[in-house]
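Taking it in order: structure first as structure tokens, then the write-up.
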Amino acid sequence: MRRTLIMCGGTWSKTSRPTKGKVRMRDLVGNLLTAKISRRGFVSGMLAASFSAAAAESAFQSVAPLVSGADVLPNFTRPVTGTGGDLLVEQVLETGAQYLFVSNGSGLGPICDSLVDHPQLQLIQATHEGQLVSIADGYAKASGKTAFGMFSRVGLPHASSNMYNAMKDRTPLVLFSDHADSDREGTDSHEDLDDWLTAVEPYTKWRWKVHEPERIPEWVRNAYKLAGVVPGGPTHVRIPRDHLYEENLTARIYSGEALNIPMKLRPDHREVERAAKLLLEASSPLLYVGPEVSQSGARAPLVELAELLAIPVTQHRSYFADFPNFHPLYIGELPAVQSYLQRYPKPIDCFFNFGARFPLRRKSFIDGLTVIHASVDQNTIGRNTPLASALV
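The sequence shown begins at 291 in my numbering and counts up one residue at a time.
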């Protein structure tokens, strides 16, 4: 019997139970961080999304220190007094960031002032907001780290095209901008709109405008954590310019130990065994690999699996080489090799998708095959085809 996986992404009622629709992990984490759901609601949502109980508990423990109102151990924070720009720079440094990618704009003044006393954070300047985002995106891909960028408030439309690209690639980016002075909000002032954030909602995981300057570190923390939770993606925070310049602000800066908590999600062992059985029973399986393989550091184990079972491998369009293209088991990239998949080495009967999004035409070469999908993105897994096994 074929099985399909519950797709994720939707809303929550006051009882912290999922309503009809879809629930996405990024929504669960966001609702937990903003106290819209409890621990029980978070775990229930993870289970409803077909995560194992162990994975749900592991995910909760990863974000628990960051929950609004949570008791944070004293050694996880330290007080800092300075301008709003100082608070932003101090919190960014605690993430381990070495670079802040920026474009030219007067809104960066408080950040530049703060960097006089914080030279360990290096500015990398672009001449256009779109270039800034693409440079930060490339750094995040190459380094495997969340990248930080900042641009002038009116540059958001320019930045948005590559924010879209980052969202499609699931690249972890935290993007700041200044904002009109708080006392001018809603007045149709120079270089301002009543609503900047709705326009980028489809291609950001989370968006926020700071209302209280003392909470700048908190919103940096949230943006960083939400951008890096798998699957990654850009977050955007706007800070009114007067908040960035305001002096004698005191806030608690969260230490790196409180921020860099790895999430180790494992699929249910029974489903792993079931997928292994399907793979071993297939007479002509095919592995199809995508960028999640490289993002998860799973390239070497995947090569080992392919060699162990002598399974040919094809590649999804990816900015990584998720399987070595010089390997004798590598047969090429889809869709280029699709025309001869049904005869190489003989018609395939099992299609194992490792970490690739796979949009299908109405009629596809995998129709009727045993399909297994392994992914960290529960909004993608099982989205376009029925599955014999799903590994989240």
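Each residue gets a CB set at the ideal place from its N, CA and C atoms; glycine is no exception.
Everything numeric in this text was worked out from a predicted model, so none of it was measured.
Residue i burial status per 10 Å Cβ neighbour count (16 or more: buried)
i: phenylalanine 616; result: exposed
i: leucine 371; result: Residue 371 is actually threonine in this sequence, not leucine. Threonine 371 is exposed by the Cβ-count criterion.
i: glutamine 605; result: buried
i: leucine 323; result: buried
i: threonine 417; result: exposed
i: glycine 522; result: buried
i: arginine 316; result: buried
i: valine 666; result: buried
i: histidine 559; result: exposed
i: glutamate 597; result: exposed
i: valine 406; result: exposed
i: proline 409; result: exposed
i: cysteine 640; result: buried
i: glutamine 668; result: buried
i: lysine 495; result: buried
i: proline 530; result: buried
i: serine 442; result: buried
i: proline 637; result: exposed
i: glycine 375; result: buried
Residue i, DSSP secondary structure in three states
i: histidine 469; result: strand
i: alanine 664; result: strand
i: tryptophan 486; result: coil
i: tyrosine 620; result: strand
i: alanine 325; result: coil
i: asparagine 512; result: helix
i: asparagine 674; result: coil
i: serine 352; result: helix
i: valine 500; result: coil
i: valine 464; result: strand
i: valine 694; result: Coverage of the chain is limited to positions 291 through 682, which leaves residue 694 absent and any answer about it impossible.
i: leucine 681; result: strand
i: glutamate 643; result: First, the residue type needs correcting, since residue 643 is asparagine and not glutamate in the sequence shown. Here asparagine 643 sits in strand by DSSP.
i: glycine 372; result: strand
i: asparagine 669; result: coil
i: alanine 430; result: helix
i: alanine 437; result: strand
Nearest candidate by alpha-carbon position, reference residue i, set the options
i: glutamate 491; options: Met440, Pro524 and Arg505; result: Pro524
i: glycine 645; options: Ala470, Ser654 and Thr670; result: Thr670
i: alanine 664; options: Asn674, Ser654 and Ala680; result: Ala680
i: glutamate 502; options: Leu570, Leu377, Leu463 and Trp496; result: Leu377
i: aspartate 482; options: Leu539, Asn321 and Pro447; result: Pro447
i: leucine 539; options: Pro618, Ser328 and Pro507; result: Pro507
i: valine 423; options: Ser393, Cys402 and Lys636; result: Ser393
i: serine 479; options: Ile425, Ala470 and Tyr514; result: Ala470
i: serine 467; options: Asp473, Met457, Tyr454 and Ser450; result: Ser450
i: proline 591; options: Leu570, Pro614, Ser573 and Gln388; result: Pro614
i: valine 593; options: Leu619, Leu568 and Pro575; result: Leu619
i: serine 574; options: Val500, Leu599, Asp657 and Val562; result: Leu599
i: isoleucine 656; options: Leu576, Gly587 and Leu595; result: Leu576
i: alanine 541; options: Glu380, Leu465, Ala354 and Ala513; result: Glu380
i: alanine 339; options: Pro557, Ala588 and Ala513; result: Pro557
i: tyrosine 493; options: Leu570, Arg564 and Ala456; result: Ala456
Cβ neighbours of residue i in the same chain (closer than 8 Å, five flanking residues each side left out)
i: glutamate 384; result: Ile543, Tyr544, Ser545, Gly546 and Leu549
i: proline 581; result: Asp459, Arg460, His606, Ser608, Tyr609, Phe610, Asp612, Gly645 and Ala646
i: threonine 373; result: Pro400, Asp403, Ser404, Leu534, Tyr535, Glu536, Glu537 and Leu539
i: serine 584; result: Ser608, Phe610, Ala611 and Asp612
i: glycine 476; result: Asp484
i: leucine 398; result: Val392, Met440, Ser442 and Asp468
Beta-carbon proximity list for residue i, same chain, < 7 Å, skipping 5 on both sides
i: valine 382; result: Leu390, Leu411, Phe438 and Val510
i: glycine 622; result: Thr604
i: phenylalanine 350; result: Arg329, Phe332 and Val333
i: lysine 431; result: Thr461 and Tyr609
i: alanine 572; result: Asp639, Cys640 and Thr660
i: alanine 517; result: Thr436, Pro462, Leu463, Val464, Lys495, Gly523, Pro524 and Thr525
Other residues of its chain near residue i: CB distance less than 6 Å, five sequence neighbours each side excluded
i: alanine 566; result: none
i: tryptophan 498; result: Trp509 and Val527
i: asparagine 643; result: Tyr578 and His663
i: alanine 426; result: Phe391, Ala437, Gly439 and Leu463
i: glutamine 415; result: Val392
i: arginine 368; result: Ile543
i: alanine 387; result: Phe438
Neighbour flag for residue i against chain C, beta carbons, 8 Å
i: lysine 431; result: The chain inventory of the structure shown lacks chain C, comprising one protein chain alone.
Continuous beta strand (DSSP E) assignments of at least 3 residues falling wholly in the stretch 520 to 583
524 to 530, 539 to 544 and 575 to 579
Return the chain-ordered ranges of every beta strand (DSSP E) run that is complete within the stretch 378 to 416 and spans a minimum of 3 residues.
Runs found: 389 to 393 and 412 to 416.
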